[in-house]
Amino acid sequence: MRFGLHVLALLCGLLFTSSAFALPGIAVSATNGGTYSLVYLGGDEYGLTLTATTENVVTTFTITRNTQYAFLKYIDVYSSNPGGTTALVIGTPDEKVYSIHEIDLLDEQGFTAIVSMDLAQNFENAELNGIENSRIGGDVNGYVTLRTNSRGSAFLQANVIGNVYADITVEDNGVAPFGFIDLLRVDGQIGTSTTLANIRIDGVIFGITAGEINASIRGTGTSGASTYVRQVFQIEANKNTGGSGDIRGDIRCLMTDFPGSIDVFIRAVGDLEGTIYVGESFLEKFELVSEIESQQAFGLKGRVIVNALDVAGQWFSDVNIGPPGSQITLDGNSYSEPGAYPNTAASLGGGTVGEVPFRLHREDCFPIHAVTIDPAGIANEIRMRHYGPVTWNSADGQPFQVHRRKIGSTSEFDWQLQDCFTCALDSTNDTIVKVSTSSVSRLQRGVEYRVSRRLRSDGTNVLRCNLPTGTPEVAYYSPLTFKVCQAFFAHSPGDADDSGLVDANDVDSVLANWGSTACMKFGDADRNGIINTLDLQEAELYNGFEYCYAEGMGVAPQADGFARMGLEAETVASFVPMTLTEAVTEMGYDDTDDFAQQFDAMERAAREIARQVLMALLNGE
358 MRFGLHVLAL LCGLLFTSSA FALPGIAVSA TNGGTYSLVY LGGDEYGLTL
408 TATTENVVTT FTITRNTQYA FLKYIDVYSS NPGGTTALVI GTPDEKVYSI
458 HEIDLLDEQG FTAIVSMDLA QNFENAELNG IENSRIGGDV NGYVTLRTNS
508 RGSAFLQANV IGNVYADITV EDNGVAPFGF IDLLRVDGQI GTSTTLANIR
558 IDGVIFGITA GEINASIRGT GTSGASTYVR QVFQIEANKN TGGSGDIRGD
608 IRCLMTDFPG SIDVFIRAVG DLEGTIYVGE SFLEKFELVS EIESQQAFGL
658 KGRVIVNALD VAGQWFSDVN IGPPGSQITL DGNSYSEPGA YPNTAASLGG
708 GTVGEVPFRL HREDCFPIHA VTIDPAGIAN EIRMRHYGPV TWNSADGQPF
758 QVHRRKIGST SEFDWQLQDC FTCALDSTND TIVKVSTSSV SRLQRGVEYR
808 VSRRLRSDGT NVLRCNLPTG TPEVAYYSPL TFKVCQAFFA HSPGDADDSG
858 LVDANDVDSV LANWGSTACM KFGDADRNGI INTLDLQEAE LYNGFEYCYA
908 EGMGVAPQAD GFARMGLEAE TVASFVPMTL TEAVTEMGYD DTDDFAQQFD
958 AMERAAREIA RQVLMALLNG E
């Protein structure tokens, strides 16, 4: 298309070549042997071809406007000057070029850079070696690619009055400083909340500031450390002249550090909704300042992941969350385990800060580690939350195993419930593994649970950290334990139907599920995994007791069995229930053991008749 425009201009007699000639809208001058061709394309649009051929010198092209509107449709640069530099000066503060649609570096032997640029409006689709001291009055669109060559590294320095919607690539020539962004200052926003701007740079980011940042900021490679920026000094969403002050998308940097007293930081005046990956060590500060000062700790909606390349990096510095004066500070060095801060995700805004390998966030699991919980309303699900995203290979099996024992027991957790529970990632948060069972509607009373890691055949954890560059195993951590209500006795007191009350219904539950070894089945009064005579004896021995309570509820056991069943005195007087021993004797059995043996041998119909007779006697009917 561009070639056709050139030919059309020649045929119309509108192609001008000189080092001093100027068309009405644009003025061009060149030094040190530089030549140019300026083409009028109609309206207020121009095309410009620049050629620099003199070796080992700086050839400067100065481009200004003569009218109010002067659009440069394209600038083609032929930098055929080995050892030399082609410098572009485009516009001045008083004579701004209106906009530039495209700059192409078509022949590169020298080093070509914009050393100064003043545009009234938009800038887009640029490919050259560097941009310095540029002021863009509108938006940056399309793409900006800064290439390196043997003369030096690509660099970017620009002040954008509008927004940046462009994908920006700063290439790496393998020589320090490896390509750099000196300062990209944007008054509006970078990208949008639905379409991220892609910023690719292998070298150093000295500064990116904007009212709002929606970007994927990474290295130019495709795997491992090549997907990381070498070093970051400052990235800030400041909301100074527009935008939300939020950071969305992802930022990958090998480290945040500077040898000296320079203040290095990543800061969001609003919220962090994306992910910041620090490949190695986090040495300087990260700050989130919430917009809503009454909610001091809701700025971290995304994640900060330290040592993301799993190279023994460490979290040395502070992460500050909240408005000045009332910030929550997370310090990777001040906890019993590295990075194991106690603050819950909800108190920070829903997000996390984690150091690889991720640990279990014990204070943010449900139930919390080492607590006794009220059985009222508890679900059949345990939630294991970590400080970062986790995953596992289904071929390795479940990542957790569940054991339990009766509350008050001093024995080991000897009832293995792995076949009763399944594991799945939470559908909205991959830091959480849900360990749940369909066998019961909620976790049972009178039980202490233990949830522990499972190992692969090679001795490593089934559960892994879920990172862009790999899946190292999670950190070692001891099991999570908790109790579902507190027992008054040193052994389980007969609540076979898990109602919290020991009464005739428990005997009915035992008989209805006699002989079952299914997962956490009703009827298992002694919680030993099988329903048998021992459960009948438990139900008889502790009839009338509400044996299980949550710490802090202020409930105490009472010896009056009828009161414990919630029966009024006049109701109690209307019938005289038998004990289990009395009832089975009345039915003609020697004792409860004899009844249990006979009951076990009965056919289903006979067993149901025996159960109904026994329950009638127990209830005084």
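To convert, take the position in the sequence shown, counting from 1, and add 357; that gives my numbering. Where is the CB? At the ideal position from N, CA and C, for every residue including glycine.
For residue j and residue i, the rounded distance between their alpha carbons
| i | j | result |
| --- | --- | --- |
| L666 | N823 | 11 Å |
| P756 | W672 | 27 Å |
| L971 | S751 | 49 Å |
| V561 | F537 | 5 Å |
| R740 | I789 | 6 Å |
| T392 | R504 | 23 Å |
| T552 | Q758 | 42 Å |
| T794 | R742 | 18 Å |
| G631 | G659 | 5 Å |
| V472 | Y634 | 33 Å |
| D544 | G494 | 10 Å |
| S573 | R492 | 23 Å |
| H718 | Y744 | 6 Å |
| E648 | V710 | Confidence is the limiting factor: at E648 the pLDDT is only 42, short of 50, which leaves the residue's position unreliable and the question unanswerable from this model. |
| S796 | G499 | 57 Å |
| F980 | L893 | Only positions 358 to 978 of the chain appear in the structure, and residue 980 is not among them; the question remains open. |
| D776 | S809 | 14 Å |
| M959 | M935 | 23 Å |
| S394 | I556 | 33 Å |
| A781 | L657 | 25 Å |
| E593 | T416 | 36 Å |
| R761 | V804 | 7 Å |
| S873 | I888 | 6 Å |
| S583 | R802 | 53 Å |
| A940 | L975 | 6 Å |
| E720 | Y833 | 17 Å |
| N737 | L858 | 20 Å |
Assigned secondary structure, residue i (DSSP; H/G/I helix, E/B strand, else coil)
| i | result |
| --- | --- |
| D753 | helix |
| V970 | helix |
| G581 | helix |
| A427 | coil |
| Q466 | coil |
| C777 | helix |
| N571 | strand |
| P443 | Strictly speaking, residue 443 in this sequence is Thr, with Pro absent from that position. Residue state, collapsed to three classes: strand. |
| N555 | strand |
| Q653 | The predicted model places Q653 with a pLDDT of 36, which falls under 50 and marks its position as unreliable; any figure quoted below should be read in that light. DSSP places Q653 in coil when its eight states are reduced to three. |
| S793 | strand |
| S856 | coil |
| A930 | In this prediction, A930 scores a pLDDT of 37, lower than 50, which makes its location untrustworthy; no coordinate-derived value is stated. |
| R961 | helix |
| L800 | coil |
| E939 | helix |
Proximity to residue i [Cα-Cα], best of the options
| i | options | result |
| --- | --- | --- |
| T340 | L540, G872, F778 and G708 | For the chain, the structure presents residues 358 to 978; residue 340 sits outside this window and is missing. |
| G390 | G400, G404, S436 and T424 | S436 |
| F535 | N597, V792 and Y585 | Y585 |
| A470 | S691, A444 and D731 | A444 |
| R542 | Y522, D529, G509 and Q514 | Q514 |
| T779 | Q969, T388, C876 and T408 | C876 |
| V625 | R609, L645, S814 and G827 | A quick correction: the sequence has Ala, not Val, at residue 625. Of the listed residues, the one whose Cα sits closest to A625 is L645. |
| T502 | F512, G509, I525 and S510 | I525 |
| A963 | F639, D881 and A869 | A869 |
| A853 | G872, E895 and S784 | E895 |
| S674 | G880, S691, G682 and S683 | S691 |
| F590 | G578, K642, T549 and S601 | K642 |
| W749 | N900, L858, A409 and D787 | D787 |
| T410 | T549, Q478, P439 and T785 | P439 |
Expected contact under 8 Å - CB spacing of residue i and residue j to nearest Å
| i | j | result |
| --- | --- | --- |
| D475 | V434 | The Cβ separation is near 19 Å, so there is no contact. |
| F468 | N486 | 5 Å |
| E484 | V497 | That belief does not hold up - the Cβ atoms of E484 and V497 are roughly 14 Å apart, past 8 Å. |
| I570 | I547 | 5 Å |
| V396 | Y403 | 6 Å |
| V521 | A554 | 6 Å |
| G1017 | I558 | Examination of residue 1017 is not possible in this model, given that the chain is present from 358 through 978 alone. |
| V747 | L812 | Incorrect: roughly 15 Å between the Cβ atoms, too far for contact. |
| G670 | G627 | That pair is no contact at about 27 Å. |
| I735 | L837 | Their Cβ separation, rounded to whole angstroms, is 15 Å, which puts I735 and L837 out of contact at 8 Å. |
| E465 | G441 | Their Cβ separation, rounded to whole angstroms, is 11 Å, which puts E465 and G441 out of contact at 8 Å. |
| F418 | Y455 | With a Cβ gap of about 18 Å, F418 and Y455 do not count as contacting. |
Distance cut-off 6 Å: residue i Cβ against heavy atoms of the ligand SAM
| i | result |
| --- | --- |
| Q546 | Questions concerning the ligand SAM fall outside what the structure shown contains, since it holds no ligand whatsoever. |
Is it the case that the stretch 674-689 contacts the stretch 601-611, given that we only count it when at least three CB pairs across the two stretches are under 8 Å? no
Taking one C-beta from the stretch 821-841 and one from the stretch 857-867 each time, how about it: are there three or more such pairs within less than 8 Å? Here the stretch 821-841 makes no contact with the stretch 857-867; the two share fewer than three CB pairs at distances below 8 Å.
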